[in-house]
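Enquirer:
In structure tokens:
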């Protein structure tokens, strides 16, 4: 396969995925009900309307967010900057003020599609780090895009989305690609910048250069999703630990570049944490959001199949130590450590866990296919001889 063919194939795949996840919204746009306003929303209605509110705040010239659902006086904080900034931008382009609601709706869907396309392209670029063969890149990409747990099956079978602690892969955007593609553009943008930072950091470490691109990516990530600084730091930390165990030395070339990449984000996240902690209303608002592991059954239903399918690949990578193996091994483990941190939304720290698992699944599957092929050739030779 030529490079051009690979790129055309990727472009077609991206279009197909985006068409599939936007089918319902497109149907609603084409065939609206006369008595209802078009929103194109068929899931996460409460959350998405809160995003419209944040966009409205930005369209009124206010980039820092205040909680308009709270009656008590409280300070403005730099939360959901992606939506307030986007709302501000929409107002600058809008010929009508205040910005009509349907303009906010169409802009939200436009952001979702653009963010989805960017995410799908960057996700494929991650696969390029670990595979030379386009077929393996495509297989890992597809697994990362469509992969998920058993939440849909258990919900359909029991009629209860909260069965065994909840269908986490249906309820929490960080557990899959599909849910953010359908409804959560801020998660897509944060994840895209997280993965972009990983790519840029790997390239900076290997080329022994200053990680300027990683700094830009992870600063943007933190401005969009401050929470994602923890998974980013976890990936770098795990990479360093695996290298320490393997090489019996500290990989300073990773340490200082990783710290540089995360430094601006750490300053912003620290400032945000201080500002929110000093305001009792904001603190109470944040504390009521509890997204913690409820137990192993729900977690295993969400990730167990992918983890089990990746075990063979994990063992193969440990034995053979291919290029960038230390990053892959550490990245595959650290999300399952971060979720047990005593933090009110610790389950969301599992972000991007399925990316290394998809890579490991393909490595294991490729090994199985190769063994079957060799066994088949041997059987033919024995028969002939």
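Numbering (our numbering), first residue to last: 2 to 386. We treat Cβ as the ideally placed atom computed from N, Cα and C, and that holds for glycine.
Looking only at its own chain, which residues have a Cβ that is under 6 Å from the Cβ of residue 186, when we skip the five neighbours before and after it?
Expert: For the purposes of this step, residue 186 is identified with residue 185 of the chain shown, where counting begins at 1. Cβ-Cβ distances below 6 Å link residue 186 to 112, 113 and 116 in the same chain, with the five nearest sequence neighbours on each side left out; the list follows chain order.
Enquirer: Are the CB atoms of residue 64 and residue 89 within a distance shorter than 8 Å?
Expert: Along the chain shown, one-based indexing puts residue 89 at 88. Along the chain shown, one-based indexing puts residue 64 at 63. A contact, by the Cβ cut-off of 8 Å.
Enquirer: For residue 345, collect the residues of the same chain with a Cβ closer than 8 Å to its Cβ; drop the 5 residues on either side in sequence, then sort them by chain order.
Expert: Here residue 345 corresponds to residue number 344 of the chain shown, with the count starting at 1. Excluding residues within five positions, the ones whose Cβ falls inside 8 Å are 287, 288, 290, 291, 292 and 293.
Enquirer: From this set, 60, 78 and 59, which residue's C-alpha is nearest residue 67's C-alpha?
Expert: As a first step, residue 67 is located in the chain shown; it is residue number 66 there, counting from the start. Comparing Cα-Cα distances from residue 67 to each of 60, 78 and 59, the minimum goes to 78.
Enquirer: With DSSP as the reference, please indicate the residues paired to residue 312 in a beta bridge.
Expert: Against the chain shown, residue 312 aligns to sequence position 311. Note: residue 312 sits in no beta bridge, so no partner.
Enquirer: Rounded to the nearest angstrom, what separates residue 247 and residue 62 at their Cα positions?
Expert: Walking along the chain shown from the start, residue 247 turns up at place 246. Walking along the chain shown from the start, residue 62 turns up at place 61. About 53 Å.
Enquirer: Assign residue 382 to buried or exposed, taking buried as 16 or more other Cβ atoms, counted over all protein chains shown, within 10 Å of its Cβ.
Expert: As a working mapping, residue 382 is identified with position 381 in the chain shown. Bear in mind that a pLDDT of 48 at residue 382, under 50, signals an unreliable position, so the number given afterwards is only what the model happens to contain. Residue 382 is exposed by the Cβ-count criterion.
Enquirer: Indicate the three-state DSSP secondary structure (helix, strand or coil) for residue 66 in the structure shown.
Expert: Here residue 66 refers to the residue found at position 65 of the chain shown. Strand at residue 66.
Enquirer: Does the beta-carbon distance from residue 318 to residue 370 come in below 8 Å?
Expert: The count along the chain shown starts at 1 and reaches residue 318 at position 317. The count along the chain shown starts at 1 and reaches residue 370 at position 369. Cβ distance not < 8 Å, so residue 318 and residue 370 don't count as in contact.
Enquirer: Output needed for residue 222: all residues of its chain with C-beta closer than 6 Å, excluding positions within five of it in sequence on either side, in chain order.
Expert: Position 221 of the chain shown, counted from the first residue, corresponds to residue 222. Excluding positions up to five away in sequence, the list reads 191, 194, 195 and 229.
Enquirer: Quick check on residue 297: buried or exposed, where buried means 16 or more other Cβ atoms within 10 Å of its Cβ?
Expert: Numbered from its first residue, the chain shown carries residue 297 at position 296. The residue in question, residue 297, is exposed, as its Cβ has fewer than 16 Cβ neighbours within 10 Å.
Enquirer: If we ignore side chains and look at the alpha-carbon of each, how far apart do residue 175 and residue 149 end up?
Expert: The residue labelled residue 175 in the question sits at position 174 within the chain shown. The residue labelled residue 149 in the question sits at position 148 within the chain shown. Approximately 11 Å between the Cα atoms of the pair.
Enquirer: Between the alpha carbons of residue 120 and residue 189, how many angstroms are there, rounded?
Expert: Locating residue 120 in the chain shown gives position 119, where the first residue counts as 1. Locating residue 189 in the chain shown gives position 188, where the first residue counts as 1. For residue 120 and residue 189, the distance between alpha carbons rounds to 6 Å.
Enquirer: Could you please give the first and the last residue of the uninterrupted alpha helix (DSSP H) stretch that includes residue 251?
Expert: Within the chain shown, the letter at position 250 stands for residue 251. That residue, residue 251, is in no alpha helix (DSSP H); it is neither H nor E in DSSP.
Enquirer: Closest Cβ-Cβ distance between residue 186 and chain D: below 8 Å?
Expert: Given the protein chain composition of this structure (a single chain), no chain D is represented.
Enquirer: Taking the alpha helix (DSSP H) that residue 127 belongs to, which residues open and close that run?
Expert: Mapped onto the chain shown, residue 127 falls at position 126. Taken as a continuous stretch (DSSP letters only), the alpha helix (DSSP H) holding residue 127 covers 102-131.
Enquirer: Determine whether the beta carbon atoms of residue 122 and residue 303 lie at a separation below 8 Å.
Expert: As a first step, residue 122 must be located in the chain shown, where it is residue number 121. As a first step, residue 303 must be located in the chain shown, where it is residue number 302. For residue 122 and residue 303, no; Cβs fall outside 8 Å.
Enquirer: Going straight from the alpha carbon of residue 12 to that of residue 147, what length do you get?
Expert: Locating residue 12 in the chain shown gives position 11, where the first residue counts as 1. Locating residue 147 in the chain shown gives position 146, where the first residue counts as 1. If I take the Cα positions, the gap works out to 17 Å.
Enquirer: Please confirm if the region 248-265 is in contact with the region 209-225, defined as three or more CB-CB distances below 8 Å between the two stretches.
Expert: Yes, the region 248-265 touches the region 209-225.
Enquirer: Just to confirm the assignment, what range does the alpha helix (DSSP H) spanning residue 331 have?
Expert: Locating residue 331 in the chain shown gives position 330, counting from the first residue. Unbroken alpha helix (DSSP H) run through residue 331: 326-334.
Enquirer: What first and last residue would you give for the alpha helix (DSSP H) that runs through residue 150?
Expert: If you number the chain shown from 1, residue 150 lands on position 149. Residue 150 -> no alpha helix (DSSP H), and no H or E assigned at all.
Enquirer: Is the Cβ-Cβ distance between residue 280 and residue 138 less than 8 Å?
Expert: In the chain shown, residue 280 corresponds to position 279, counting from 1. In the chain shown, residue 138 corresponds to position 137, counting from 1. Cβ atoms of residue 280 and residue 138: not closer than 8 Å.
Enquirer: With DSSP collapsed to three states, give me the class of residue 15.
Expert: Here residue 15 refers to the residue found at position 14 when the chain shown is read from its first residue. If DSSP states are grouped into helix, strand and coil, residue 15 belongs with the helices.
Enquirer: Measure the C-alpha to C-alpha separation of residue 173 and residue 347 and round it to an integer number of angstroms.
Expert: Taking the chain shown and counting its residues from 1, one reaches residue 173 at position 172. Taking the chain shown and counting its residues from 1, one reaches residue 347 at position 346. So the two alpha carbons sit approximately 11 Å from each other.
Enquirer: How big is the Cα-Cα spacing for residue 328 and residue 234?
Expert: In the chain shown, residue 328 corresponds to position 327, counting from 1. In the chain shown, residue 234 corresponds to position 233, counting from 1. Spanning the two alpha carbons is a distance of roughly 12 Å.
Enquirer: Using 8 Å as the threshold, is the C-beta distance between residue 241 and residue 255 below it?
Expert: The count along the chain shown starts at 1 and reaches residue 241 at position 240. The count along the chain shown starts at 1 and reaches residue 255 at position 254. Contact: yes.
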